[in-house]
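Asks: Let me give you the structure first, and then I'll get to my questions.
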DNA sequence: AACACGGTTCCACATCATGGAACCCCTGGG
DNA sequence: CCCAGGGGTTCCATGATGTGGAACCGTGTT
């Protein structure tokens, strides 16, 4: 915290208050803010009133502080997916650096799974840009995650089978999803394209719903052996993003180490 | 601007900078901000650096300032429609006060038109709460606006006809929409329910697309006579909301008085 | 009535923000 | 190559401005 900052104490403190409120994403009382920031009562009061005046904060009917008009305005003008991508960028970059493989982020838009961001492989042989390429959900790890966590429904009728390894029918897909849920990550090996392996994990939103899936893909020889390690690494990274999106520490419902931290993702 | 504010000059100025950037919704250069705010170069620099550090602002690759992490985070967590409602509230309240009639705001969600906010009539006889009531688009003024401005497609097949006054077929609806576009507002008289009249206008978003329709409804005897006056009043109010959403003054493409103002809607 | 709670106002003090000028870095032009 | 200029940061003396303790206010509680 003791950065070499000078000549901006009031502003820094005020910005801290705003950040606290926005991160929490739930009404914060005067007292909450006061001791979250450790400021004197009078100072807190002065700053908060100024922030309210300027539209950065706002008081709800009960008198607690929430994000103000400026935030509404910004949010009303911008697609949440677009913003998700911006937030995910650091995480994806980190994964790219970690693994060297191509990193994907996709969401369910209606019935379809669409890629919304990608970080390219550093290897010569790697998955090429497939943003906006339509791929059946049950053939890609990204899609399986969305299926497994209920962000997407399996379509009626027969499933497309791009390769012999593609899961043959709805039941097989359901079992595979089952396993993915237990394990925390989904896998596709040669199921979309021979030699292509993908691993993906869910990204959770505000109400513990799955808003996106985050994954990597590359040549089977490079990924298949260490699928387990890569899966765990993805889980770690996506947890950071999820907890950022979810806001104030909520106990994780999944049976496991209930995490409580809520650190800033960006370095 | 000369409110009785004390002990918060730095903060006020900084908040002004943020507000400028957010309102503009396009990258603002240092120089832009400097003379938009009339601050000394050094002061501007200090404030901007502090704002950047705190995540309220951010520099794009070209060095211009845009809304920062905190805004992304907020936007990623919140539905733009929810925020639209918050922004529209003052406008709707004003319309309620103006006319005394029930005021509606609706958007196209997929194929359907859904009410997202309502201000109730002050009269005893008025439209009741119909938030979440499904109504065919071609029977309500709100729906017609969405059809007319292309936010919604007419469904295939025969149209429902709740009353004898309901427009009989797709062609009639198209002609009616045509007229609505010319006039700027849409009208339904007894077409959804005998004795019920509605008037609605479009709300434009960032890229001149229609994001919602804003309208009023009430008993035909009270509204039918002064439809024209009410239509114009709606247009006025919705223009304020649209220009807020659209951001920096864009010349209106519609042949008419090109408006340039971009005032705050809220009183 | 007394008290605790949540918040605002007051005020003397000195810390912190201020803005002019100097400075730095890059780019383009002569 | 050097100079001019735009864009931005750093320095620093100055005093305006933000600070926090204490007093105050309003409201609900015992």
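Residue numbers (UniProt numbering), protein chains in the order written: chain S, 1 to 267; chain C, 1 to 267.
Built from N, CA and C at the ideal position, the CB exists for glycine as well.
Kindly indicate the opening and closing residues of the beta strand (DSSP E) around residue 269 (chain S).
Replies: Residue numbering for chain S in the displayed model covers 1 to 267; residue 269 (chain S) lies beyond these limits and cannot be assessed.
Asks: Starting from the Cα of residue 151 (chain C), find the closest Cα among C:127, C:177 and C:126 and give me that residue.
Replies: The residue given as residue 151 (chain C) occupies position 151 in the second chain. Considering only alpha carbons, the answer is C:177.
Asks: Classify residue 217 (chain C) as helix, strand or coil using the three-state DSSP reduction.
Replies: In the second chain, residue 217 (chain C) corresponds to position 217, counting from 1. It is a strand residue.
Asks: Taking 8 angstroms as the threshold (beta carbon to beta carbon), is residue 271 (chain C) in contact with chain S?
Replies: Nothing can be reported for residue 271 (chain C), as the shown portion of chain C is limited to 1 through 267.
Asks: Along the chain, where does the beta strand (DSSP E) that runs through residue 123 (chain S) open and close?
Replies: As a working note, residue 123 (chain S) is residue 123 in the first chain. No beta strand (DSSP E) contains residue 123 (chain S), which DSSP labels as neither H nor E.
Asks: Buried or exposed: where does residue 24 (chain S) fall if 16 or more other Cβ atoms within 10 Å of its Cβ makes it buried?
Replies: Residue 24 (chain S) sits at position 24 when you count from the first residue of the first chain. Buried.
Asks: Would DSSP call residue 198 (chain S) helix, strand or coil?
Replies: Within the first chain, numbered from 1, the residue matching residue 198 (chain S) stands at position 198. In this structure, residue 198 (chain S) counts as strand in the three-state DSSP scheme.
Asks: Between which two residues does the beta strand (DSSP E) carrying residue 186 (chain C) extend?
Replies: Residue mapping note: residue 186 (chain C) aligns to position 186 of the second chain, counting from 1. 186-189 is the span of the beta strand (DSSP E), which, as asked, contains residue 186 (chain C).
Asks: Cβ closer than 7 angstroms: which chain C residues qualify as neighbours of residue 71 (chain S)?
Replies: Here residue 71 (chain S) corresponds to residue number 71 of the first chain, with the count starting at 1. Neighbours of residue 71 (chain S) on chain C, chain order: 71 and 74.
Asks: Less than 8 angstroms between CB atoms is the rule here; does residue 83 (chain C) satisfy it with respect to chain S?
Replies: Here residue 83 (chain C) refers to the residue found at position 83 when the second chain is read from its first residue. So, interface residue.
Asks: Whole-angstrom Cβ separation of residue 65 (chain S) and residue 67 (chain C), contact assumed at under 8 angstroms?
Replies: Residue numbering aside, residue 65 (chain S) sits at position 65 when the first chain is read from its first letter. Residue numbering aside, residue 67 (chain C) sits at position 67 when the second chain is read from its first letter. Residue 65 (chain S) to residue 67 (chain C), Cβ: 20 angstroms. No contact.
Asks: Closest to residue 243 (chain S) by CA distance: which of S:37, S:226 and S:84 is it?
Replies: For the purposes of this step, residue 243 (chain S) is taken as residue 243 along the first chain, with counting starting at 1. It is S:84.
Asks: Strictly by DSSP, which residues pair up with residue 268 (chain C)?
Replies: The question about residue 268 (chain C) has no answer, for chain C in this structure spans 1 to 267.
Asks: Measuring alpha carbon to alpha carbon, tell me which of C:123, C:30, C:235 and C:220 ends up nearest residue 198 (chain C).
Replies: On the second chain, residue 198 (chain C) is found 198 positions in, with the first residue counted as 1. That would be C:220, whose Cα lies nearest to the Cα of residue 198 (chain C).
Asks: Looking only at its own chain, which residues have a Cβ that is under 7 angstroms from the Cβ of residue 185 (chain S), when we skip the five neighbours before and after it?
Replies: Translated into positions along the first chain, residue 185 (chain S) becomes position 185. Excluding positions up to five away in sequence, the list reads 199, 200, 201, 231, 234 and 235.
Asks: Taking a Cβ distance cut-off of 7 angstroms, strictly less, list which residues of the region 102-118 of chain C are near chain S, in chain order.
Replies: The region 102-118 of chain C vs chain S, Cβ under 7 angstroms: nothing.
Asks: Helix, strand or coil, according to DSSP, for residue 15 (chain S) in the structure here?
Replies: Sequence index remark: in the first chain, residue 15 (chain S) carries index 15 (1-based). Of the three classes helix, strand and coil, the one that applies to residue 15 (chain S) here is helix, per DSSP.
Asks: Could you name the residues of chain C that residue 80 (chain S) contacts, counting a contact when the two beta carbons are closer than 9 angstroms?
Replies: Translated into the one-based positions of the first chain, residue 80 (chain S) becomes position 80. Going along chain C in sequence order, the residues near residue 80 (chain S) (Cβ under 9 angstroms) are 75, 76, 77, 78, 79 and 80.
Asks: Rounded to the nearest angstrom, what separates residue 91 (chain C) and residue 61 (chain C) at their Cα positions?
Replies: As a first step, residue 91 (chain C) is located in the second chain; it is residue number 91 there, counting from the start. As a first step, residue 61 (chain C) is located in the second chain; it is residue number 61 there, counting from the start. Approximately 37 angstroms, taken between the alpha carbons.
Asks: Of all the CB atoms in chain C, is at least one closer than 8 angstroms to the CB of residue 54 (chain S)?
Replies: As a first step, residue 54 (chain S) is located in the first chain; it is residue number 54 there, counting from the start. Yes, because at least one Cβ of chain C sits closer than 8 angstroms to the Cβ of residue 54 (chain S).
Asks: Please list, in chain order, all residues of the same chain as residue 122 (chain C) whose beta carbon is under 6 angstroms from its beta carbon, the five residues on each side excluded.
Replies: In the second chain, the residue the question calls residue 122 (chain C) occupies position 122. Correct list, in chain order: 100.
Asks: With a cut-off of 8 angstroms, do at least 3 Cβ pairs link the region 101-113 of chain C to the region 204-224 of chain C?
Replies: Judged by Cβ distances under 8 angstroms, the region 101-113 of chain C makes contact with the region 204-224 of chain C, as three or more pairs qualify.
Asks: Excluding five sequence neighbours on each side, which residues of the same chain lie with their C-beta closer than 8 angstroms to the C-beta of residue 16 (chain S)?
Replies: The residue you call residue 16 (chain S) lines up with position 16 of the first chain. 37, listed in sequence order.
Asks: Helix or strand or just coil, what does DSSP make of residue 181 (chain C)?
Replies: By 1-based counting over the second chain, the position of residue 181 (chain C) is 181. If DSSP states are grouped into helix, strand and coil, residue 181 (chain C) belongs with the helices.
Asks: Report the three-state DSSP secondary structure of residue 207 (chain S) (helix, strand or coil).
Replies: Locating residue 207 (chain S) in the first chain gives position 207, where the first residue counts as 1. Residue 207 (chain S): coil per DSSP, three-state reduction.
Asks: Counting beta carbon pairs with one atom in the region 154-169 of chain C and one in the region 131-141 of chain C, are three or more of them shorter than 8 angstroms?
Replies: Contact holds: three or more Cβ-Cβ distances are below 8 angstroms.
Asks: Beta-carbon within less than 7 angstroms of residue 227 (chain C)'s beta-carbon, same chain only, minus the 5 sequence neighbours each way: which residues are those?
Replies: To locate residue 227 (chain C), count along the second chain from 1; it is residue 227. Contacts found: 187 and 199.
Asks: Helix, strand or coil for residue 115 (chain C), going by three-state DSSP, please let me know.
Replies: Your numbering for residue 115 (chain C) matches position 115 in the second chain. Strand at residue 115 (chain C).
Asks: Following the continuous alpha helix (DSSP H) through residue 95 (chain S), name the residue where it begins and the one where it ends.
Replies: Counting from one through the first chain, the residue named residue 95 (chain S) turns up at place 95. Looking at the DSSP string, the run of the alpha helix (DSSP H) that includes residue 95 (chain S) is 80-99.
Asks: Short of 7 angstroms in beta carbon distance, which residues of its chain neighbour residue 131 (chain S), apart from the five on each side in sequence? Order them along the chain.
Replies: In the first chain, counting from the first residue as 1, residue 131 (chain S) sits at position 131. The residues are 115 and 118.
Asks: Looking at the strands, I want to know which residues DSSP matches up with residue 58 (chain C).
Replies: Walking along the second chain from the start, residue 58 (chain C) turns up at place 58. Note: residue 58 (chain C) sits in a beta bridge opposite C:66.
Asks: To the nearest angstrom, how far is the alpha carbon of residue 80 (chain S) from that of residue 88 (chain S)?
Replies: As a position in the first chain, residue 80 (chain S) is number 80, starting the count at 1. As a position in the first chain, residue 88 (chain S) is number 88, starting the count at 1. Each residue's Cα considered, the two are about 12 angstroms apart.
Asks: May I ask you to report which of helix, strand or coil DSSP gives residue 227 (chain C)?
Replies: Numbered from its first residue, the second chain carries residue 227 (chain C) at position 227. If DSSP states are grouped into helix, strand and coil, residue 227 (chain C) belongs with the helices.
Asks: Quick check on residue 3 (chain C): buried or exposed, where buried means 16 or more other Cβ atoms within 10 Å of its Cβ?
Replies: For this step, residue 3 (chain C) is matched to residue 3 along the second chain. Because residue 3 (chain C) sits at a pLDDT of 45, beneath the cut-off of 50, its placement in the model cannot be relied upon, and the following sentence gives the value as read from the coordinates. Exposed, by the Cβ-count rule.
Asks: Is the beta carbon of residue 72 (chain C) closer than 8 angstroms to that of residue 86 (chain S)?
Replies: Counted from its first residue, the first chain places residue 86 (chain S) at position 86. Counted from its first residue, the second chain places residue 72 (chain C) at position 72. Result yes, Cβ atoms of residue 86 (chain S) and residue 72 (chain C) sit closer than 8 angstroms.
Asks: Could one say the Cβ of residue 20 (chain C) lies closer than 8 angstroms to chain S's Cβ atoms, at least one of them?
Replies: Working through the second chain from its first residue, we reach residue 20 (chain C) at position 20. No - not a single Cβ of chain S is within 8 angstroms of the one on residue 20 (chain C).
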